[in-house]
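Please read the structure below before turning to the comments.
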Amino acid sequence: MKPVNLVRKLRRDAAFEPAALDRGKEQLMAAIRQEVAPRRRPAIVPQLPYQDIAAAIAFLERAF
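This is how it looks when you write it as C-alpha cells:
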C-alpha cells in the first residue's frame, strides 16, 4: 500500500462521534475531581543509635 493511500485510509478512520469526546472529557474530569484519601503517616519511628540525640541531630542537619 502506498503511503498516500495509507494516509487517506487513516483519515477516514479518524472520523469519530463528537459525543465520544464529551464522554471521555467527563470521565477525565471525574477522575481529576475524585477526592484523594488522606495518607497515613508511617508507624515506624526512626531512632538514632547515639547517646546524645541532640548532638546527632545537629550533626545530621549540618551534614545534609
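All letters in the sequence shown, in the order written, are residues 0 to 63 by numbering that gives the first Met the number 0. Cβ atoms here follow ideal geometry from the backbone N, Cα and C, with glycine treated the same way.
- Judged by DSSP secondary structure, PRO45 falls outside any alpha helix (DSSP H); it is assigned neither H nor E.
- Following the DSSP letters along the chain, one finds GLU25 inside the alpha helix (DSSP H) bounded by residues 17–32.
- C-alpha of PRO17 to C-alpha of GLY23: approximately 10 Å in a straight line.
- Boundaries of the alpha helix (DSSP H) around ALA54: 52–62.
- In the three-state reduction of the DSSP assignment, LYS1 falls in the coil class.
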